[in-house]
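Okay, structure first, notes after.
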Amino acid sequence: MIKRTWFKGSLAVAVAMASGQIMANGLAVNEQSVSGMGTSFAGRSSSAQDASTVFGNPAGMSRLQRAEISGGVAAIWPETDIEASPDNAAPGTNKGNIAPDAQVPFAYYVRPLDEKWHFGLGLYVPFGVISDYEKSFQGRDHGLYSKVQVTTLQPTLSYRINDRVSVGFGPTINKIDGKLTSNPTTSLGLPDSYVRIKGDDIAYGFNLGVLVDVTERLTWGLSYRSKVDYELEGHISYSDFPQGFGYEGRHDGTVDITMPESVDTSITYRANDKWTLYAGSTWTRWSRLKELEVVHEGPQPNPLEPLNWENSWAHAVGVSYQVAPAVVLRSGFAMDASPTSNAHRTVRIPVSNRKIYSLGLGWNIDPDWTLDVAYAYVDESKGRVEQAGNFPTAEYNAQYENSAHGLGVQLTHRF
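Residue numbers (our numbering): 40 to 454.
This is the structure we're talking about:
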């Protein structure tokens with residue numbers, strides 16, 4: 040029996056090393072609000088424009104005068120160019136465009152309980168990415184298909200302490216699903232040998248925030264999203280491996296993983312009746328994803344997957360202009376640092392530092408209905424993938440260049 044450490048097809052990787060072109064870096068998803076998307080999410084924790092503040096800052100619910108239902112979807116069209124090294128030993132193709140088009144839905148409900156208290160409920164996707172290479176991909180030893188999705192339900196309360204200060208808190212109920220496939224024996228001429236992994240779990244966290252009117256024109260907000268500890272339960276399946284490799288059948292497996300906490304702080308400054316300025320920063324503790332160990336019932340040792348991610352910052356500025364009493368235009372720019380680098384980037388997460396440009400429009404159709412639309416473009420720096428071979432996997436080196444277009448629509452009803 041051949042026992043090697045090449046086995047990277049672990050339940051952990053299905054969660055932690057997927058790649059996709061959503062408008063935030065790492066595994067994070069930003070598309071929980073189209074009204075916020077128009078300013079590149081600058082002012083997310085300080086603006087409280089509609090019921091989507093349940094996600095952005097639960098304290099902002101105290102600013103909503105009536106009950107609201109707000110929902111929408113953001114569609115993402117990603118593009119990936121791959122320039123593979125001529126020194127790669129394995130045969131195959133490098134077509135690029137590894138992330139399929141995606142749709143990210145969200146929905147919120149907020150209702151005043153009295154002059155001090157508000158209740159809210161949010162349903163959204165905080166993490167979710169997909170990568171899907173062609174079957175003949177030259178780097179398929181290291182990964183073919185990856186999918187991760189976290190869906191969150193958040194009941195929330197806010198309390199107005201006084202005319203200037205509000206606080207909010209909401210527990211989060213989080214469902215995670217992960218799937219991975221790989222073909223780790225390409226260099227041996229065995230293109231039909233596959234590893235398939237699936238797993239899921241439900242875990243709990245919380246979201247809290249504070250909102251302060253510093254002056255009549257300046258508002259400051261701070262929100263905190265907690266870490267969430269998961270213990271995924273699933274299985275690892277092997278198919279069409281030659282005899283003697285020791286990889287066969289289907290085995291139960293578990294992995295402990297912690298999705299990171301994040302802190303968002305921002306300001307909203309109403310310069311006059313026409314112009315409003317926004318600025319904000321988000322810190323994410325990606326360093327929680329250093330390494331992951333999969334505990335499984337197969338004959339091989341528990342795989343240990345190094346990740347070596349680092350904490351990252353995202354910064355954004357934005358502006359809105361009230362064209363007419365019922366129409367507002369928005370624009371924003373963001374810089375979002377990658378949690379990985381050339382030393383640790385993989386085919387499953389080939390993301391780099393990003394710049395995001397956005398435009399948006401809000402239209403109050405009447406006192407009860409508001410329509411928001413937004414467009415965003417992601418321009419990502421080039422990044423190298425340098426994954427070493429480890430028999431029987433082959434070394435793979437390539438340069439990746441990613442970009443994406445996003446279009447969001449949101450409808451809010453007040454009653």
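Note that the Cβ used here is the ideal one computed from N, Cα and C, for glycine as well. This one's a predicted model, so the numbers in the text were calculated from it and none came from an experiment.
Please confirm whether residue 108 and residue 139 have their CB atoms less than 8 Å apart. no
Measure the C-alpha to C-alpha separation of residue 157 and residue 213 and round it to an integer number of angstroms. 22 Å
Per-residue burial, residue 270 [other beta carbons within 10 Å of its own, 16 or more giving buried]: exposed
Touch test, the segment 62-78 against the segment 146-166, Cβ-Cβ under 8 Å, three pairs minimum: yes
Expressed to the nearest angstrom, what Euclidean distance is found between the alpha-carbon atoms of residue 391 and residue 182? 18 Å
Is the separation between the beta-carbon of residue 237 and that of residue 273 shorter than 8 Å? yes
When you compare the CB of residue 246 with every CB in chain B, is at least one pair closer than 8 Å? Structure shown: chain B not included; a single protein chain is present.
Return helix, strand or coil for residue 451, following the three-state DSSP convention. strand
Among 187, 135, 174, 153, which residue has its Cα nearest to the Cα of residue 296? 187
Quick test of your reading: residue 397 and residue 370, contact by CB under 8 Å. State the CB separation rounded to the nearest angstrom. 7 Å
Apart from the five residues just before and just after residue 240, which ones in its own chain have a Cβ nearer than 7 Å to its Cβ? 215, 269, 270, 271, 272
Quick one, which of 301, 367, 401, 84 has its alpha-carbon nearest residue 257's? 84
Is the beta carbon of residue 81 closer than 8 Å to that of residue 357? yes
For residue 141, collect the residues of the same chain with a Cβ closer than 6 Å to its Cβ; drop the 5 residues on either side in sequence, then sort them by chain order. 115
For residue 440, which residues from the same chain have a beta carbon less than 6 Å from its beta carbon, with the 5 sequence-adjacent residues on both sides left out? 120, 421
Counting only the same chain and skipping the five closest in sequence on each side, list residues whose C-beta sits under 6 Å from that of residue 434. 427, 428
Can you tell me the Cα-Cα spacing of residue 221 and residue 328, whole angstroms? 21 Å
Would a C-beta distance cut-off of 8 Å place residue 291 and residue 73 closer than the cut-off? no
Helix, strand or coil at residue 47 [DSSP, three-state]: At residue 47, the pLDDT of 41 sits below 50, so the modelled position is not reliable and the matter cannot be decided from this model.
Please report the straight-line C-alpha distance between residue 279 and residue 436, rounded to a whole angstrom. 27 Å
Are residue 146 and residue 110 closer than 8 Å when you measure CB to CB? yes
For residue 243, count neighbouring Cβ atoms within 10 angstroms of its own Cβ and tell me buried if that reaches 16, exposed if not. exposed
Just to confirm before moving on: does the CB-CB distance between residue 305 and residue 322 stay below 8 Å? no
Proximal residues to residue 103 (C-beta, below 6 Å), its chain only, five neighbours per side dropped: 149
Alpha carbon of residue 530 to alpha carbon of residue 448, nearest angstrom: Nothing about residue 530 can be read from this structure; the chain reaches only from 40 to 454.
When the Cα atoms are used, what is the spatial distance from residue 203 to residue 345? 47 Å
Whole angstroms is fine: what's the gap from residue 444's alpha carbon to residue 416's? 5 Å
Taking DSSP as the reference, what is the three-state secondary structure of residue 102? helix
Can you tell me which residues form a DSSP beta bridge with residue 248? 207, 262
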